[in-house]
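As given, the protein sequences belong to chains D and C, one line each in that order.
Be aware that the first sequence starts at 1, since it is given in my numbering, and climbs by one per residue.
Be aware that the second sequence starts at 1, since it is given in my numbering, and climbs by one per residue.
Cβ atoms here follow ideal geometry from the backbone N, Cα and C, with glycine treated the same way.
Owing to the predicted nature of the structure, the values given are computational and were not obtained by experimental measurement.
Reviewing the structure listed below.
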Amino acid sequence: MNTNSDYTPSELMAVAGARELQDRQVVAVGLGLPVVASFLAKKTHAPNMTILFELGVIDPEPIHPGVGLADPRVWYRAKSLSSFVDILGTILHNNRVDVGFLGGLEVDQYGNLNTTLVGDPRGEFRHMIGSGGANDIASCAKRTIIIMRHEARKLKKTISFITSPGYLNGGASRAQTGLQGGPSRVITDKAILGFHPETKQMMLISIHPGNTLEDVLATMGFAPIVPSQVPTTEPPEKEQIRLIREVVDPLKMYMG
Amino acid sequence: MSKVTTLAEAVASISSGAHLALSGFAITRCTMAFAREVIRQGIKELTVSQCVGAMDADLLVGAGAVERIVYGGGSLDRFGRLACVNRGIENGSLQAEEYSSLSVAFRYLAGSLGLPFIPIKSLRGSDLMRQIQERTGSNVGTVTDPFTGDDWPVLKPLLPDVAVVQVQVSDEEGNAWIMGPRWDNVEQVKASKRTIVITEQVVPVELISRNPEWTVIPSLLVSNVVELPFAAHPTSMYRVYDYDAGQIENYVKANSSPETFKAYLDEYIYGVKDHWEYLERIGGMKHLNNLRADPILGY
Numbered sequence: 001m002n003t004n005s006d007y008t009p010s011e012l013m014a015v016a017g018a019r020e021l022q023d024r025q026v027v028a029v030g031l032g033l034p035v036v037a038s039f040l041a042k043k044t045h046a047p048n049m050t051i052l053f054e055l056g057v058i059d060p061e062p063i064h065p066g067v068g069l070a071d072p073r074v075w076y077r078a079k080s081l082s083s084f085v086d087i088l089g090t091i092l093h094n095n096r097v098d099v100g101f102l103g104g105l106e107v108d109q110y111g112n113l114n115t116t117l118v119g120d121p122r123g124e125f126r127h128m129i130g131s132g133g134a135n136d137i138a139s140c141a142k143r144t145i146i147i148m149r150h151e152a153r154k155l156k157k158t159i160s161f162i163t164s165p166g167y168l169n170g171g172a173s174r175a176q177t178g179l180q181g182g183p184s185r186v187i188t189d190k191a192i193l194g195f196h197p198e199t200k201q202m203m204l205i206s207i208h209p210g211n212t213l214e215d216v217l218a219t220m221g222f223a224p225i226v227p228s229q230v231p232t233t234e235p236p237e238k239e240q241i242r243l244i245r246e247v248v249d250p251l252k253m254y255m256g
Numbered sequence: 001m002s003k004v005t006t007l008a009e010a011v012a013s014i015s016s017g018a019h020l021a022l023s024g025f026a027i028t029r030c031t032m033a034f035a036r037e038v039i040r041q042g043i044k045e046l047t048v049s050q051c052v053g054a055m056d057a058d059l060l061v062g063a064g065a066v067e068r069i070v071y072g073g074g075s076l077d078r079f080g081r082l083a084c085v086n087r088g089i090e091n092g093s094l095q096a097e098e099y100s101s102l103s104v105a106f107r108y109l110a111g112s113l114g115l116p117f118i119p120i121k122s123l124r125g126s127d128l129m130r131q132i133q134e135r136t137g138s139n140v141g142t143v144t145d146p147f148t149g150d151d152w153p154v155l156k157p158l159l160p161d162v163a164v165v166q167v168q169v170s171d172e173e174g175n176a177w178i179m180g181p182r183w184d185n186v187e188q189v190k191a192s193k194r195t196i197v198i199t200e201q202v203v204p205v206e207l208i209s210r211n212p213e214w215t216v217i218p219s220l221l222v223s224n225v226v227e228l229p230f231a232a233h234p235t236s237m238y239r240v241y242d243y244d245a246g247q248i249e250n251y252v253k254a255n256s257s258p259e260t261f262k263a264y265l266d267e268y269i270y271g272v273k274d275h276w277e278y279l280e281r282i283g284g285m286k287h288l289n290n291l292r293a294d295p296i297l298g299y
């Protein structure tokens, strides 16, 4: 069944992200798809959710898309404008963030993220964006959701640099370093994955409509745990797609 | 006592080898006019620090003024990468101490409070932690909480020589307001030995005294006040002017290679006498007027 005429893979990712969020939760967000997912949730089932941007922004209501967190367009009608120490310190570090949204250039089978050093085909490493608040969110949020493209060069068995910790070497290794939480979902444009409760290996949760198990596995750099039954991801509702296109991201700044 | 001085004099007070905390965040409130004057005066071997790397640091690095950067990663948002910083790290010409946003903020916070170290949850288990240990040896450690017995990573305070902060409003003594989010700026100022305030406008102390709750930088921390409009150009100044997308795109084309970057420096820094000539070079008042912020939107 090809449903791509009704919505794009990016739109499904944003809707899947929104569905992970609950009303009254406190959510730390980076720019891109997580912004679309968070604003969509707030405009639908989670009106009392709190959205945080690391540099000091709480609950903005932007009416113009921004080029990044540094763009005053995404601060518009915020309820508070403060600082890193306020948002990442008194709220995140003080255990008040329920969900952190993270993107990454590479993720490994334990949900560790690399945004620092990425190898090119010649074996040389390029220095990328680094952490920003990502390491802090991955370390301190009660749980994190990772959103990224489903490609073998991004979903890798091992990554060259752990910028932001997932479950480290799996099992109890994250808890042993003194960190709570950890990634709960990886949302890609082909599937939703979770983590095995004991081994912390990545595990297939659902496959998006129009994709096959074979293709999902063939485009990953490692083999996730595959349960005997893998359901199809629930497609977006018409109203969710309308909100994304007309209200949340009308200029397609985030959905591309 | 008035601390108002020229940009050239304020920059001349900085010695080569100093540690500067810069107020930029990606493409907003960056200390651009200051960085351009540092480059013109040939000040070198600087350490620059900021929680999130920004255009001011990238420009200084690209011009060869920086020996070491202490930061939490960064970019020019959708416009592009901090290509000069990245290239310096890749080819080894730039020493980088790379953290997360909160780690750098906590290092400033410890410095601002006069604390010997600060515990943090972040960095555990990551290669950032391993790399900081390898590269600095001594800027992270572990202490045991005397109350619970838990082990905690601790960071050293960050104590810059000079904080350089772009603000919208200051009086002549340096009582300054920052409109919009302040990211790390207040902790930077309070951790530093002294602060240079670069303000869009110097206002009478009477205006400050009538609205003292707005003051986030008190004058006792400030050594110099420089009044200079559009000093953050091409980055934005919330409620005063928007970023200049065309000029940032121009910069991003230039910073992709040392050769094109040299041409950029020649045109916009070495090829102009001062900030006023720079503003003429990029299009003058007619162009800048298009960047003015809408008073309701703030951009």
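Original post:
Of all Cβ atoms in chain C, is any one closer than 8 Å to the Cβ of S184/D?
Top reply: Under the Cβ distance rule, S184/D does not count among the residues neighbouring chain C, no pair being separated by less than 8 Å.
**OP:** Kindly identify the DSSP beta-bridge partner or partners of I198/C.
**Re:** Answer is Q166/C and V226/C, bridged to I198/C.
Subject >> Where the beta strand (DSSP E) containing F101/D begins and where it ends >> reply: It spans V99 to G103 - the beta strand (DSSP E) in which F101/D sits, taken as one unbroken run.
**OP:** Quick one: give me the first and last residue of the alpha helix (DSSP H) that P34/D is part of.
**Re:** It spans L33 to K43 - the alpha helix (DSSP H) in which P34/D sits, taken as one unbroken run.
Subject >> Residues bridged to K156/D [DSSP beta-bridge criterion] >> reply: Secondary-structure assignment with DSSP links K156/D through a beta bridge to G221/D.
Subject >> Sequence-distant residues of its chain with Cβ nearer than 7 Å to A141/D (five each side left out) >> reply: Here the set comprises A28, L92, V97, V99, G100 and G181.
Original post:
If you compare alpha carbons, which of S173/D, E239/D and L155/D is closest to A223/D?
Top reply: Of S173/D, E239/D and L155/D, the residue nearest in Cα terms is L155/D.
Original post:
On the three-state DSSP scale, how would you describe G53/C?
Top reply: The three-state secondary structure of G53/C, taken from DSSP, is strand.
Original post:
Can you find at least 3 beta carbon pairs, one from the region 59-73 of chain D and one from the region 108-124 of chain D, that sit closer than 8 Å?
Top reply: They do not touch, by the three-pair rule.
Subject >> Three-state secondary structure (DSSP) of D161/C >> reply: In the structure shown, D161/C sits in coil (DSSP, three-state: anything other than H, G, I, E or B).
Original post:
With respect to the beta strand (DSSP E) encompassing T136/C, which residues constitute its N-terminal and C-terminal limits?
Top reply: Looking at the DSSP string, T136/C is not in any beta strand (DSSP E); the run it does join, the alpha helix (DSSP H), is D127 to T136.
Original post:
From the beta carbon of A26/C, is the nearest beta carbon of chain D less than 8 Å away?
Top reply: For A26/C, at least one C-beta of chain D is nearer than 8 Å to its own C-beta.
**OP:** Quick one: measure Cβ to Cβ for P47/D and D23/D, integer angstroms, because I've assumed they're closer than 8 Å.
**Re:** The C-beta separation of P47/D from D23/D comes to about 7 Å, placing the pair in contact by the 8 Å criterion.
**OP:** Taking 8 Å as the cut-off, decide whether the C-beta atoms of S100/C and A191/C are in contact.
**Re:** No. Outside cutoff.
**OP:** In angstroms with no decimal places, state the Cα-to-Cα distance between F79/C and D244/C.
**Re:** Taking the straight line from one Cα to the other gives about 11 Å.
Subject >> Local Cβ density within 10 Å of L115/C, reported as buried at 16 or more and exposed below that >> reply: It counts as exposed.
Original post:
What three-state label does DSSP hand Y71/C in the structure shown?
Top reply: Y71/C: strand per DSSP, three-state reduction.
Original post:
In whole angstroms, what separates the C-alpha of G133/D from that of C51/C?
Top reply: If you take the alpha carbons of G133/D and C51/C, they lie about 9 Å apart.
Subject >> Delimiting residues of the beta strand (DSSP E) encompassing I129/D >> reply: Looking at the DSSP string, I129/D is not in any beta strand (DSSP E), and its letter there is neither H nor E.
Subject >> Cβ distance (whole Å) where L12/D is taken to contact H208/D below 8 Å >> reply: Rounded, the Cβ-Cβ distance is 6 Å, consistent with contact.
**OP:** State whether the region 30-47 of chain C contacts the region 160-175 of chain C, with contact taken as three or more CB pairs (one from each stretch) at a distance under 8 Å.
**Re:** Flag = yes, the region 30-47 of chain C and the region 160-175 of chain C touch.
Subject >> According to DSSP, residues forming a beta bridge with G119/D >> reply: In the DSSP output, where bridge partners are listed per residue, G119/D has F125/D.
**OP:** With 8 Å as the threshold, decide whether the Cβ of L168/D is near any Cβ in chain C.
**Re:** It does: the Cβ of L168/D has a partner Cβ on chain C nearer than 8 Å.
**OP:** Indicate whether C84/C and V61/C have their beta-carbon atoms separated by less than 8 Å.
**Re:** Yes, the Cβ-Cβ distance between C84/C and V61/C is below 8 Å.
Original post:
Taking just the CA atoms, how far does Y110/D sit from S2/C?
Top reply: Between S2/C and Y110/D, the C-alpha separation is close to 58 Å.
**OP:** To the nearest angstrom, report how far apart P183/D and Q201/D are at their CA atoms.
**Re:** When rounded, the separation of the alpha-carbon atoms in P183/D and Q201/D is 11 Å.
Subject >> Proximal residues to N255/C (C-beta, below 7 Å), its chain only, five neighbours per side dropped >> reply: Counting only Cβ-Cβ distances below 7 Å, and skipping sequence neighbours, we find D58, G62, A83, C84 and F261.
Original post:
Leaving out the 5 sequence neighbours to the left and right, which residues in its chain are closer than 8 Å to A26/D when beta-carbon positions are compared?
Top reply: Looking at the sequence shown, residue 26/D is not Ala but Val. Counting only Cβ-Cβ distances below 8 Å, and skipping sequence neighbours, we find M49, T50, L52, I91, R96, V97, D98 and V99.
Original post:
Can you tell me the Cα-Cα spacing of L279/C and T215/C, whole angstroms?
Top reply: Looking at the two C-alpha atoms, the distance is approximately 29 Å.
Original post:
Comparing the C-beta of I162/D with each C-beta of chain C, is any distance below 8 Å?
Top reply: Yes, because at least one Cβ of chain C sits closer than 8 Å to the Cβ of I162/D.
Subject >> Within 8 Å, strictly: CB atoms of S131/D and G72/C >> reply: Between S131/D and G72/C, the gap from beta carbon to beta carbon is short of 8 Å.
**OP:** Count the other CB atoms, across all protein chains shown, that sit within 10 Å of the CB of G24/C; report buried if there are 16 or more and exposed otherwise.
**Re:** With 16 or more other Cβ atoms within 10 Å, it is buried.
Original post:
Does the Cβ-Cβ distance between N175/C and S223/C come in under 8 Å?
Top reply: Contact: no.
Original post:
alpha helix (DSSP H) containing A35/C: first to last residue?
Top reply: Here the alpha helix (DSSP H) through A35/C covers M32 to Q41.
Original post:
In the region 263-286 of chain C, which residues sit with their C-beta less than 9 Å from some C-beta in chain D, listed in chain order?
Top reply: Answer in chain order: no residues at all.
Original post:
In chain order, what residues of the region 170-195 of chain C put their CB closer than 9 Å to some CB of chain D?
Top reply: For chain D, the residues of the region 170-195 of chain C that bring a beta carbon within less than 9 Å of one of its beta carbons are M179, G180, P181, R182, W183, D184, N185, V186 and E187, in chain order.
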